[in-house]
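Protein chains in written order, with our numbering: chain A, 1 to 249; chain B, 1 to 249. Ideal placement from N, C-alpha and C gives every residue a C-beta, glycine not left out.
Number of protein chains: 2
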Amino acid sequence: MTADRTESSQEAFLASYDPHAFPPFAVTVDVVLLTVREHELSVLLVERDTHPFRGRLALPGGFVQPDEDLESAAVRRLERETGVRRSTAHVEQLGAFGDPARDPRMRVVSVAYLVFAPDLPAPVPGARTRSVAWVPVGDVDPATLAFDHEQVLGAGVERARAKLEYTPLAAAFVGDTFTVADLRRVYEAVWGGALDPRNFHRKVTGTPGFLLPVGRPAPVGPEGGRPAALFRRGDATSLRPAMLRPGSA
Amino acid sequence: MTADRTESSQEAFLASYDPHAFPPFAVTVDVVLLTVREHELSVLLVERDTHPFRGRLALPGGFVQPDEDLESAAVRRLERETGVRRSTAHVEQLGAFGDPARDPRMRVVSVAYLVFAPDLPAPVPGARTRSVAWVPVGDVDPATLAFDHEQVLGAGVERARAKLEYTPLAAAFVGDTFTVADLRRVYEAVWGGALDPRNFHRKVTGTPGFLLPVGRPAPVGPEGGRPAALFRRGDATSLRPAMLRPGSA
DNA sequence: CCTCTTCTCGTCACCCCGACCCTAACCCGG
DNA sequence: CCGGGTTAGGGTCGGGGTGACGAGAAGAGG
């Protein structure tokens, strides 16, 4: 399963490459970076400054390098263009999007990655980046997005909603330590509806491996109320049985 | 969102293409075609007759054409190489596999598709095809598969097992009309364990939209027993709550 | 002190599920 | 004809998960 291709053989291949022998494809990665800001599920969008779709909003992304793994390419874009570190976020592949007409320049297949990140206090844009902004997914005008990014974003949001049902990944949206209410607000933002605080508390605390109680018993409440207990992420990877969203009977 | 690229501009692009401007990628599709044969979950494998991995077993697949949609490319391979018609099967994208070393010839990104098909009585191989065979997934020797197809197959099987839990897609593995026992044998083959016939019957018949009773009340039993009622697929797309596999608590 | 807030535990009814009994309906051999 | 094999499928019972909701705990502020 190891390749015998090397840098030099890659060069030889390039030199002898005939674009009519097989059609050249470009492969890109797009990143659907989601977070919860002010009780709203938001996505990071950048404004394009080059053809095509110049001036339109788009998901961060770019070409995959010749010897770069797909996920590495996505993580590189994530860290360079958004300032999010890989270790603090959850990254998973969303899927490949390859409609022949999705890019007017040439045939491009894009592999989309879905990232859950906590709402970082620092302004997220990294070094060499054009205009970048968090946009609540409900405020995104689908017609203004570049390429087929409306479809990619839609798939990412739906995947996120489904993943909260049967995984503990909601914890990827909050910081290192958090309260049950923090977690509940993530669910409410992603699913778009209120949840019963008592039943939610019973479910998440009753699921082994979801929450790890941290000794420190209490921070303060921003607007009154009894201080909540602090937790850390557990090592559970799935929720069985799942926590089903209410409106989807 | 409409492309201005045409056939002639594609030609112009090819003529002026410089392989050093951006690295050429090849894009392929691989098909994980699963069925249930003789109470065993099986995958369709072909024997490669060209370099690389000549003589090794591999998933059916091939290069995507310049103006071909990814799913169309997968369905084309499915129909040409396996004889399975798209209308009788379930097709979904499994994911993209793009390890730089997965193909020794050059950089190849493969988009894998997962297909559920009923066990057709006709010999499945199509017209121009090399040696092709159904192999029970438990009998596949992982080390003998070409490329990274062990990883692709593993992802497909795990996806199939999960999908049976929360979708009615098990019906894609059986024919047009089927009995509850047929469906149960699908679950047992995919999950690899026995299920209680009475509880299974209660669950599937009690889920609205899973099964449509067909008037014809009874076929015959192959080895005795009371004749079972016949059903057709319903229009439900998800199972809520899910049917969880026993061993996964 | 009272009142507001949020957190957290408890209760109750209901549903779903696993385990299990029993009858229905067919085939076959005696 | 009849008894014994098969599978199909309905019913019962208890336990666990969940929605709806009550109520106390623990803070801030008037």
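Identity of the residue in the options nearest residue i by Cα
| i | options | result |
| --- | --- | --- |
| A/Pro219 | A/Ser72, A/Asp182, A/Arg86, A/Leu114 | A/Asp182 |
| B/Val32 | B/Arg159, B/Pro104, B/Gly225, B/Thr144 | B/Arg159 |
| A/Thr259 | A/Gly224, A/Ala26, A/Leu212 | The requested residue 259 of chain A is not part of the displayed model; chain A covers only 1 to 249. |
| A/Val140 | A/Ser131, A/Glu150, A/Met243 | A/Glu150 |
| A/Ala26 | B/Gly193, B/Asp196, B/Val64, B/Asp119 | B/Val64 |
| A/Phe200 | A/Leu244, A/Arg85, A/Ala58 | A/Leu244 |
| A/Pro24 | B/Trp134, B/Leu59, B/Asp67, B/Pro241 | B/Asp67 |
| B/Asp103 | B/Gly224, B/Arg80, B/Pro52, B/Thr144 | B/Pro52 |
| A/Ser110 | A/Val91, A/Leu70, A/Asp119 | A/Leu70 |
| A/Leu41 | A/Thr237, A/Gly225, A/Phe173 | A/Phe173 |
| B/Val135 | B/His39, B/Ala96, B/Gly62 | B/His39 |
| B/Lys203 | B/Leu230, B/Glu165, B/Glu223 | B/Glu165 |
| B/Leu34 | B/Leu57, B/Gly55, B/Val84, B/Asp196 | B/Val84 |
| B/Leu57 | B/Pro100, B/Gly175, B/Thr144, B/Ala171 | B/Thr144 |
| A/Phe231 | A/Arg184, A/Gly225, A/Val214, A/Glu92 | A/Val214 |
| B/Glu92 | B/Pro60, B/Tyr113, B/Ala170 | B/Tyr113 |
| B/Arg269 | B/Gly154, B/Thr50, B/Ala170 | Outside the modelled stretch of chain B, which goes from 1 to 249, sits residue 269 of chain B, for which no answer is possible. |
| A/Leu153 | A/Pro60, A/Val186, A/Gly55, A/Arg48 | A/Pro60 |
| B/Thr237 | B/Val75, B/Pro168, B/Glu188 | B/Pro168 |
Min CB distance residue i to chain A below 8 angstroms
| i | result |
| --- | --- |
| B/Leu45 | no |
| B/Ala58 | no |
| B/Asp182 | no |
| B/Phe66 | Looking at the sequence shown, residue 66 of chain B is not Phe but Pro. So, interface residue. |
| B/Leu244 | yes |
Cutoff 8 angstroms: residue i Cβ touching any chain B Cβ
| i | result |
| --- | --- |
| A/Glu7 | In this predicted model, A/Glu7 has a pLDDT of only 41, less than 50, meaning its place in the structure is not dependable enough to derive any value. |
| A/Ser25 | The sequence shown places Phe at residue 25 of chain A, rather than the Ser named in the question. Closer than 8 angstroms to some Cβ of chain B, the Cβ of A/Phe25 qualifies, so yes. |
Beta-carbon proximity check, residue i vs residue j, cutoff 8 angstroms
| i | j | result |
| --- | --- | --- |
| B/Gly156 | B/Leu78 | no |
| B/Val115 | B/Ala146 | no |
| B/Val137 | B/Arg161 | no |
| A/Val46 | A/Ser131 | yes |
| A/Ala228 | A/Thr179 | yes |
| B/Leu239 | B/Thr207 | yes |
| B/Val36 | B/Asp119 | yes |
| A/Gly193 | A/Pro246 | yes |
| B/Gly209 | B/Gly234 | yes |
| A/Tyr187 | A/Ala170 | yes |
| A/Arg184 | A/Pro197 | yes |
For residue i, three-class secondary structure by DSSP
| i | result |
| --- | --- |
| B/Gln65 | coil |
| A/Phe231 | strand |
| A/Leu14 | Low per-residue confidence applies at A/Leu14: pLDDT is 47, beneath 50, and the placement is therefore not dependable, though the value from the model is reported in the following sentence. Three-state result, A/Leu14: helix. |
| B/Asp182 | helix |
| A/His90 | strand |
| B/Glu165 | helix |
| B/Asp30 | strand |
| A/Ala242 | coil |
| A/Ser131 | coil |
| B/Pro142 | helix |
| A/Thr205 | helix |
| B/Ala112 | strand |
| B/Val84 | coil |
| A/Gly247 | helix |
| B/Leu59 | coil |
| B/Leu211 | strand |
| B/Ala160 | helix |
| B/Pro136 | strand |
| B/Glu188 | helix |
| A/Glu38 | coil |
| A/Glu223 | coil |
| B/Phe200 | helix |
| A/Leu120 | coil |
| A/Val174 | coil |
| A/Gly154 | helix |
heavy atom of the ligand PLP below 7 angstroms from residue i C-beta
| i | result |
| --- | --- |
| A/Ala112 | Absence of the ligand PLP is noted for the structure shown, with no ligands found whatsoever. |
### Against chain B: residues of the region 69-99 of chain A by CB proximity under 7 angstroms
For the region 69-99 of chain A, which is checked against every Cβ of chain B, the residues closer than 7 angstroms are Asp69, Leu70, Gln93, Gly95, Ala96, Gly98, Asp99.
#### Entry: Where the region 149-179 of chain A meets chain B: residues whose CB sits under 7 angstroms from a CB there
none
#### Entry: Contact list for the region 101-123 of chain B against chain A, Cβ threshold 8 angstroms
Ala101, Arg102, Asp103, Pro104, Arg105, Met106, Arg107, Val109, Val111
#### Entry: Near-chain A residues of the region 223-244 of chain B - C-beta to any C-beta below 7 angstroms
Arg240, Pro241, Ala242, Leu244
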